[in-house]
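The next block holds one structure in the form of structure tokens; read it before the comments.
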Amino acid sequence: MPLENMNAMLGKAAGAGYAVGAFNILDYNSTKAVVLAAEETNAPVIIQTSAKTVIFWGASAIISWIRQLAGPSRVPIALHLDHCKDLDLIEECIESGWTSVMIDASSKPFEENLSLSRKVVQMARPKNVTVEAELGAIVGVEDDIHVKQQDSHLADSDQAIKFCEDVEPDCFAPAIGTAHGVYKGVPKIAYDLLEEIAAKIEAPIALHGGTGLADNVFKKCISLGCAKVNISTQLKYAFIDGFVAYHNANNIEYNPLKVIDAQFDALKAGIVEKINLFGSSGKV
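For reference, each letter of the sequence shown is one residue, going 137 to 420 in the numbering used here.
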């Protein structure tokens, strides 16, 4: 099946009260894990790449993995560039075959965020590429993006409405109290803010900082309007822990393919679990 952008899959999810999982891949093995997990659960899925991952491997290498794995697949798959501040890299991904991109100008003053986000929409829309944009500052670390606790702040509901009216993003990521990376305590989610924003904008809402949230938090956020849920740190842990656990249990055996296979199993199991939790299984 050809790659899709996020419009149809998120529109269906928002209307039916479930969310589509967006999983940050690291290499070919993790990409394969996302695709096969989606096929096993008969679910739409979003494969996400960080800017750092695109720079490390190169856009042409990544798009070749995606097309090889997604081409024969029967489930809807979108390829999304996550949290990117570099307009040149966004343009490169659009031209290379990404079907969705995120401009993250949330660290900029509001008017500059508006201007940069509009510019990306103007770049992407003629290519049938969807755009996600962010407002507020989500605490934590997401690859090269670092936001300290004292610099984090929630999205303002009035600004969120104006932002979405002016930019018309296909997906909107407001800061509502979640965090990138590993939670060091119980997150304080601004459910009232999420509900207010979701009721007043047309764009589906993306939930960032998904790794480590309790199941009931996921379900409540989805019920209040989150149609896309990002999972990144979980895959990083599974990527390394799956590899290390196999080697520790078989430390006299040096067979790289078995270690890679164990890594794949750990990745895929976690992805399947999240797809089922988000309610998107069987939604193809």
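Even for Gly, the Cβ is constructed at its ideal location relative to N, Cα and C.
Residue pairing by DSSP puts Asp218 in a beta bridge opposite Ser186. Take the alpha-carbon of Leu172 and the one of Ile182: they are about 13 Å apart. Thr177 and Val408 have their C-alpha atoms spaced approximately 7 Å apart. With contacts defined as CB atoms closer than 8 Å, Ile226 and Cys220 qualify as a contacting pair. Here the segment 387-399 makes no contact with the segment 358-371; the two share fewer than three CB pairs at distances below 8 Å. Assignment of beta-bridge partners to Asn160 by DSSP yields Gln184.
Taken atom to atom, the span from the alpha-carbon of Phe414 to that of Asp218 is near 20 Å. Annotation: the continuous beta strand (DSSP E) that includes Asn366 extends over 362-367. Residues of the same chain with a CB within less than 8 Å of the CB of Glu332, apart from the 5 flanking positions on each side, are Ser293 in chain order. Judged by DSSP secondary structure, Pro310 falls outside any alpha helix (DSSP H) and instead within the beta strand (DSSP E) spanning 307-310.
Contact between the segment 192-212 and the segment 252-261 is absent: fewer than 3 CB-CB pairs across the two stretches fall below 8 Å. When secondary structure is reduced to three states using DSSP, Met142 falls in the helix class. Counting C-beta pairs with one atom in each stretch, the segment 184-201 and the segment 148-155 have fewer than three that are closer than 8 Å, which means they do not touch. Our two residues, His383 and Phe308, have alpha carbons roughly 41 Å apart in a direct line. Ala197: member of the alpha helix (DSSP H) spanning 195-206, first to last residue. Residue pairing of Met238 in beta bridges, as defined by DSSP: Glu268. In the DSSP assignment, Ala398 falls within the unbroken alpha helix (DSSP H) covering 392-414. Within 10 angstroms of the beta-carbon of Asp328 lie fewer than 16 other beta-carbons, which makes it exposed. Within the same chain, and ignoring the five residues on either side of Ile239 in sequence, the residues whose Cβ sits closer than 7 Å to its Cβ are Cys220, Ile226, Leu252, Ser253, Val256, Val267, Ala269. Beta-bridge pairing by DSSP links Leu223 to no other residue.
Per DSSP, the continuous alpha helix (DSSP H) segment holding Leu330 begins and ends at 327-336. With 16 or more neighbouring CB atoms inside 10 Å of its own CB, Lys419 falls in the buried class.
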